[in-house]
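Peer 1: Protein chains in written order, with the working numbering: chain X, 25 to 455; chain D, 752 to 941. For each residue, glycine too, the CB sits at the ideal point set by N, CA and C. What you are looking at is a predicted structure, and each value in this text was computed from that prediction instead of being measured. Following this message is one structure expressed as structure tokens.
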């Protein structure tokens, strides 16, 4: 049924259709509306056989989900940013124990400086914690990925994070097709756990493992994720047959067939990139797009097949690892490792802390990659002037003070703050 | 694609207005995308929301920098910020005020737009008489429908009725209808 609703609400309705049995969450912007919606549905009885557990922290939220999952319940939680970091130990526990929890991550920057807006820093901080990570391009896909995530998680007995751009998707109201319970039930069978804590048949989960078997446990985790590389495309095909639309899989391409330049990106920015590519195609530039859905497992082989025929690959990502560069770009390098004649990889870091990514800026940087390529990461729309002033200042003054506050003052002094209310600079980060 | 930017202050239903507008467009089988200027929703603080309307899927996720229409829910923002930034040369403007274009010092901006593209609507007054509270958002959508035809007033009414409990909805519908009819009459007279 088509509805014009907020992305968070649509996800809540989609998750409800997956018949979760335990939902535990702690509120954190921008994920809160999802669990609020679910809490309401549990209270009104729209979700049956489900316990909504209020917890005192994110660490507790995931710990309760771990307990519930180990007891054989279909368990769900959601978080963002600092919330994910606060549950970090349990994030590793869930994957190490092989518990098929599904968690929505309303992608948000990580402080300091404190910032509630969207980027992918949180997902990247936990990308190597053993969870599978799927990134949604639209709110429709965000809903659809949850259905596939439960299927995938339970098939492999491994947890899955569904990564959804905070605010840009979670708070956008748009047209979303809510599937029927019948279709979701047909796609997602009831949860059959591979391990259950049952008082009648006691076992222990989470034994200490020494040097004699620890590596093997890790190896099997990796092996399971490699199985997802086969399962995800299969699920996407089956999903399309039943629901009539493309969602999920490992990756998708757009106007990529004859493209000499391929852009790679994850999440909602793909929509803006597609519009940019259409404009550039009209100008005769052979450019296309690879939308990466699965970041973990990382579909290196699939990516290589798609990318290897391009001359240039531009990776646009909403995250940055200080001291080394964009994580996605680095992973793309891995996909092209030891490939003769591999395309040149250009790394673009964009949208950090919620800075809007515009067609105009993307257009410029894609053209620049052709005519004036750069080394390392290019920060899209970086305000070079205030950076230069700050660098100059700290060179001169030992007690130069806190960087973030200095930059905010410079923004104000330059008038960049005052004029930023409307248009592209609207999310100037002065909340 | 028709792009609308709504300026107001926290508590005036700026975000709700964009959502209602998107629902009205959805009811006409159009694609619509409503989103807020994230994070700034505090009582009294300047708030901006956006709505895109198109006949095909909307993929674009950047904020609206060059709107086809502006709704200004709070006239005090006219001094505080450049709400007109990026407005298209053939764009539409609705300002909530009981003053005139001249009194609001908007003559220069109005003269750059096609004749009859800027209207001042006393939406807070209409809201007070119909709703009993200074909530101009739904009222202004009635005027918006009359001015731009981007959505039909009937769709706006249905969107309002879907969003609110019956009593509040009917009060807002009455306010929106009054604004719509007044602006329609003003356009006919011009």
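Taking the CB atoms as reference points, tell me whether residue 188 (chain X) and residue 128 (chain X) lie closer together than 8 Å.
Peer 2: Counting from one through the first chain, the residue named residue 188 (chain X) turns up at place 164. Counting from one through the first chain, the residue named residue 128 (chain X) turns up at place 104. Going by C-beta atoms, residue 188 (chain X) is nearer than 8 Å to residue 128 (chain X).
Peer 1: Name the two residues that bound the continuous alpha helix (DSSP H) containing residue 78 (chain X).
Peer 2: Here residue 78 (chain X) corresponds to residue number 54 of the first chain, with the count starting at 1. Per DSSP, residue 78 (chain X) belongs to no alpha helix (DSSP H); it is in the beta strand (DSSP E), 75-78.
Peer 1: Compute the Euclidean distance between the alpha carbons of residue 391 (chain X) and residue 57 (chain X), then round it to the nearest angstrom.
Peer 2: For this step, residue 391 (chain X) is matched to residue 367 along the first chain. For this step, residue 57 (chain X) is matched to residue 33 along the first chain. If you take the alpha carbons of residue 391 (chain X) and residue 57 (chain X), they lie about 39 Å apart.
Peer 1: In or out: residue 25 (chain X) buried (at least 16 other Cβ within 10 Å) or exposed?
Peer 2: In the first chain, the residue the question calls residue 25 (chain X) occupies position 1. By the 10 Å Cβ count, residue 25 (chain X) comes out exposed.
Peer 1: Report the CB separation of residue 217 (chain X) from residue 96 (chain X) in whole angstroms; it is logged as a contact under 8 Å.
Peer 2: Along the first chain, read from residue 1 onward, the residue named residue 217 (chain X) stands at position 193. Along the first chain, read from residue 1 onward, the residue named residue 96 (chain X) stands at position 72. Going by Cβ atoms, the distance from residue 217 (chain X) to residue 96 (chain X) rounds to 5 Å, so yes, they are a contact pair.
Peer 1: Check this for me: beta carbons of residue 768 (chain D) and residue 888 (chain D), under 8 Å apart or not?
Peer 2: Translated into positions along the second chain, residue 768 (chain D) becomes position 17. Translated into positions along the second chain, residue 888 (chain D) becomes position 137. Contact: yes.
Peer 1: Taking the continuous alpha helix (DSSP H) assigned at residue 900 (chain D), which residues delimit it?
Peer 2: By 1-based counting over the second chain, the position of residue 900 (chain D) is 149. Element bounds for residue 900 (chain D): n/a, residue is neither H nor E.
Peer 1: When you compare each of D:913, D:885, D:936 and D:899 to residue 926 (chain D) by their alpha carbons, which one comes out closest?
Peer 2: Within the second chain, the letter at position 175 stands for residue 926 (chain D). Considering only alpha carbons, the answer is D:885.
Peer 1: Between the segment 400-425 of chain X and chain D, which residues of the former have a C-beta closer than 9 Å to a C-beta of the latter?
Peer 2: Taking 9 Å as the Cβ-Cβ cut-off against chain D, none of the residues of the segment 400-425 of chain X qualify.
Peer 1: Does DSSP put residue 295 (chain X) in a helix, in a strand, or in coil?
Peer 2: Sequence index remark: in the first chain, residue 295 (chain X) carries index 271 (1-based). In the structure shown, residue 295 (chain X) sits in a helix (DSSP, three-state: H, G or I).
Peer 1: May I ask you to list the residues that DSSP assigns as paired with residue 186 (chain X)?
Peer 2: Residue numbering aside, residue 186 (chain X) sits at position 162 when the first chain is read from its first letter. DSSP, once it has assigned bridges, lists X:128 and X:158 as partnering residue 186 (chain X).
Peer 1: Any idea what DSSP makes of residue 847 (chain D), helix, strand or coil?
Peer 2: As a working note, residue 847 (chain D) is residue 96 in the second chain. Residue state, collapsed to three classes: strand.
Peer 1: Looking at the unbroken beta strand (DSSP E) that takes in residue 869 (chain D), where does it start and where does it end?
Peer 2: In the second chain, residue 869 (chain D) corresponds to position 118, counting from 1. Element bounds for residue 869 (chain D): 869-872.
Peer 1: Does chain D have any CB closer than 8 Å to the CB of residue 144 (chain X)?
Peer 2: Working through the first chain from its first residue, we reach residue 144 (chain X) at position 120. For residue 144 (chain X), the answer is no, since every Cβ of chain D falls outside 8 Å of its Cβ.
Peer 1: With burial defined as no fewer than 16 other Cβ atoms inside 10 Å of the residue's Cβ, what is the status of residue 214 (chain X): buried or exposed?
Peer 2: Locating residue 214 (chain X) in the first chain gives position 190, where the first residue counts as 1. That one is exposed.
Peer 1: Taking DSSP as the reference, what is the three-state secondary structure of residue 754 (chain D)?
Peer 2: Within the second chain, numbered from 1, the residue matching residue 754 (chain D) stands at position 3. Residue state, collapsed to three classes: strand.
Peer 1: Between residue 182 (chain X) and residue 272 (chain X), which are expected to be in contact by the criterion C-beta below 8 Å, what is the C-beta distance as a whole number of angstroms?
Peer 2: Residue 182 (chain X) sits at position 158 when you count from the first residue of the first chain. Residue 272 (chain X) sits at position 248 when you count from the first residue of the first chain. In fact, because the Cβ distance is near 16 Å, the residues do not count as touching under 8 Å.
Peer 1: Over the uninterrupted alpha helix (DSSP H) stretch that includes residue 285 (chain X), give me the two end residues.
Peer 2: Walking along the first chain from the start, residue 285 (chain X) turns up at place 261. Taken as a continuous stretch (DSSP letters only), residue 285 (chain X) belongs to no alpha helix (DSSP H), being part of the beta strand (DSSP E) at 285-289.
Peer 1: Hey, out of X:71, X:160 and X:304, whose CA is closest to residue 22 (chain X)'s CA?
Peer 2: Nothing in the structure corresponds to residue 22 (chain X), since chain X is present only between 25 and 455.
Peer 1: Counting only beta-carbon separations shorter than 8 Å, does residue 209 (chain X) have a partner in chain D?
Peer 2: Start at 1 with the first residue of the first chain, and residue 209 (chain X) comes out as number 185. So, not an interface residue.
Peer 1: Would you decide whether residue 419 (chain X) is buried or exposed? Buried here means 16 or more other CB atoms lie within 10 Å of its CB.
Peer 2: Residue numbering aside, residue 419 (chain X) sits at position 395 when the first chain is read from its first letter. So residue 419 (chain X) ends up on the exposed side.
Peer 1: Any C-beta of chain X within less than 7 Å: which residues of the segment 769-781 of chain D qualify?
Peer 2: Cβ contacts with chain X come from 770, 773, 774 and 777.
Peer 1: Out of X:47, X:415, X:29 and X:255, which has the shortest C-alpha to C-alpha gap to residue 179 (chain X)?
Peer 2: Within the first chain, numbered from 1, the residue matching residue 179 (chain X) stands at position 155. Minimum Cα distance to residue 179 (chain X) is reached at X:255.
Peer 1: Decide yes or no for the touch test of the segment 821-841 of chain D against the segment 803-811 of chain D: beta carbon pairs closer than 8 Å, at least 3 of them.
Peer 2: Output reads no: the segment 803-811 of chain D does not touch the segment 821-841 of chain D.
Peer 1: Give, in chain order, every residue of the segment 288-313 of chain X whose Cβ lies closer than 7 Å to some Cβ of chain D.
Peer 2: Listed by position, the residues of the segment 288-313 of chain X near chain D (Cβ gap below 7 Å) are 292, 293, 295, 296, 298 and 299.
Peer 1: I need the boundaries of the beta strand (DSSP E) containing residue 201 (chain X), first residue and last residue.
Peer 2: The residue given as residue 201 (chain X) occupies position 177 in the first chain. Start and end: 197-201.
Peer 1: Short of 7 Å in beta carbon distance, which residues of its chain neighbour residue 759 (chain D), apart from the five on each side in sequence? Order them along the chain.
Peer 2: Mapped onto the second chain, residue 759 (chain D) falls at position 8. Only 765, 798, 824 and 825 meet the Cβ criterion.
Peer 1: Is the separation between the beta-carbon of residue 467 (chain X) and that of residue 298 (chain X) shorter than 8 Å?
Peer 2: The question about residue 467 (chain X) has no answer here: the residues shown for chain X are numbered 25 through 455.
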